[in-house]
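Protein sequence lines, in the order shown, are assigned to chains A and B. The first sequence begins at 1 in my numbering and counts up by one. The second sequence begins at 1001 in my numbering and counts up by one. Just so it is clear, CB atoms sit at the ideal spot from N, CA and C, and this is done for glycine as well.
Number of protein chains: 2
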Amino acid sequence: MLVIRPATAEDVGQILWFIRQLAIYEKAEHEVHASEQQIHSALFGELAHCGCLMAEVDGAAVGFALYFFNFSTWLGQPGLYLEDLFVMPESRGLGAGKALLKALAKVALDRGCGRFEWSVLDWNTPAIDFYQSLGAEPQSEWIIYRTTGQALKNLAKEE
Amino acid sequence: MLVIRPATAEDVGQILWFIRQLAIYEKAEHEVHASEQQIHSALFGELAHCGCLMAEVDGAAVGFALYFFNFSTWLGQPGLYLEDLFVMPESRGLGAGKALLKALAKVALDRGCGRFEWSVLDWNTPAIDFYQSLGAEPQSEWIIYRTTGQALKNLAKEE
Chain A
1 MLVIRPATAE
11 DVGQILWFIR
21 QLAIYEKAEH
31 EVHASEQQIH
41 SALFGELAHC
51 GCLMAEVDGA
61 AVGFALYFFN
71 FSTWLGQPGL
81 YLEDLFVMPE
91 SRGLGAGKAL
101 LKALAKVALD
111 RGCGRFEWSV
121 LDWNTPAIDF
131 YQSLGAEPQS
141 EWIIYRTTGQ
151 ALKNLAKEE
Chain B
1001 MLVIRPATAE
1011 DVGQILWFIR
1021 QLAIYEKAEH
1031 EVHASEQQIH
1041 SALFGELAHC
1051 GCLMAEVDGA
1061 AVGFALYFFN
1071 FSTWLGQPGL
1081 YLEDLFVMPE
1091 SRGLGAGKAL
1101 LKALAKVALD
1111 RGCGRFEWSV
1121 LDWNTPAIDF
1131 YQSLGAEPQS
1141 EWIIYRTTGQ
1151 ALKNLAKEE
């Protein structure tokens, strides 16, 4: 039986393992530097600002969804942003991904959000087809810009 | 003289006016439904999760930057996400935009963030050139998906 439930502190090791599996699929395993302590802190620490749902089949974790709240200045409302969604390859087709997204949509409405958003790699056609089938719309005119590492430090420096 | 300072509750009307000016530039004025009360709540309410910096020239507000904290599961660290950046057209070229971005980079490092990110419309060439000149990198392989309004309600519904 498929069950969606909020993550607990006991799930942190499993969540980090899922994060690594997703990064491997996204061809970015070398970019995963997170520790169990960091994930614990983001989800359950004093300044925690993220949430996480687990998908279980017959009591075994098969996937997860990690999210936080963003803000739309146009709507004047928070939005729910899904950072990571992953279901184990051997557990796909059981509806776990859809159940996680539906549960997140409920969290979004319960928390007064006007939007539910996430990002997808442009070559991930199965995921894109799945999101389109759920009525989500691509915001293709927006490009994300990022500064990190030394470039971020340089930007922060006084002239 | 150019000054960057944190917004106060007295700035909320000015901030909402800037939000509208930015939406007009982005050809989306009809999408601004935010009220002063909603912006006040997001910045200064009990559950406030956004921050805002103001740019002033000789004591007059000429621009703003509204942000919140996201989270990178790869870094295991929060990131600073810049939702809106705007400088009045007649006040451009004085360095207010760059000063706002530099101040935000400092906020990001002070708050333990591993990244500083924002989004730009793909036709906004002056902004893109400016961001590139600061060392920011486009994450062009990512497409943002969004569900809102009735589509979000439908997704949240039980089958």
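| Query | Result |
| --- | --- |
| Span of the alpha helix (DSSP H) around residue 1118 of chain B | First-last for residue 1118 of chain B: 1115-1121, but that is the beta strand (DSSP E), not the alpha helix (DSSP H). |
| Any C-beta of chain A under 8 Å from that of residue 1094 of chain B | no |
| Interface partners of residue 117 of chain A on chain B, CB under 8 Å | 1144, 1145, 1146 and 1147 |
| Closest residue to residue 154 of chain A among B:1069, B:1079, B:1133 and B:1156 (Cα-Cα distance) | B:1133 |
| Beta carbon proximity, residue 130 of chain A to chain B, threshold 8 Å | no |
| Pair within 8 Å by beta-carbon distance, residue 1142 of chain B and residue 72 of chain A | no |
| Same chain, Cβ closer than 8 Å to residue 1032 of chain B, neighbours up to 5 away in sequence not counted | 1019, 1020 and 1023 |
| Rounded C-alpha distance that separates residue 1140 of chain B from residue 129 of chain A | 19 Å |
| Start and end residues, alpha helix (DSSP H) containing residue 154 of chain A | 149-156 |
| Spatial distance of residue 89 of chain A from residue 55 of chain A (CA atoms) | 13 Å |
| Near-chain A residues of the segment 1084-1115 of chain B - C-beta to any C-beta below 7 Å | 1084, 1101, 1102, 1105, 1106, 1108, 1109, 1114 and 1115 |
| Where residue 1058 of chain B falls: helix, strand or coil (DSSP) | coil |
| Buried versus exposed, by CB contacts within 10 Å (16 or more), residue 114 of chain A | buried |
| Inter-residue Cα distance where the pair is residue 105 of chain A and residue 1058 of chain B | 46 Å |
| 7 Å Cβ cut-off: residues of chain B touching residue 53 of chain A | The premise fails here: residue 53 of chain A is roughly 14 Å from chain B at the closest Cβ pair, so nothing lies under 7 Å. |
| is_contact[residue 2 of chain A, chain B] using C-beta, thresh 8 Å | no |
| Span separating the alpha-carbon of residue 137 of chain A from that of residue 1077 of chain B | 28 Å |
| Coarse secondary structure for residue 1137 of chain B, derived from DSSP in three states | strand |
| The segment 1063-1071 of chain B in contact with the segment 1038-1051 of chain B per 3-pair CB rule at 8 Å | yes |
| Closer than 8 Å to chain A by CB, residue 1056 of chain B | no |
| For residue 34 of chain A and residue 16 of chain A, believed in contact at Cβ under 8 Å, the rounded distance | 6 Å |
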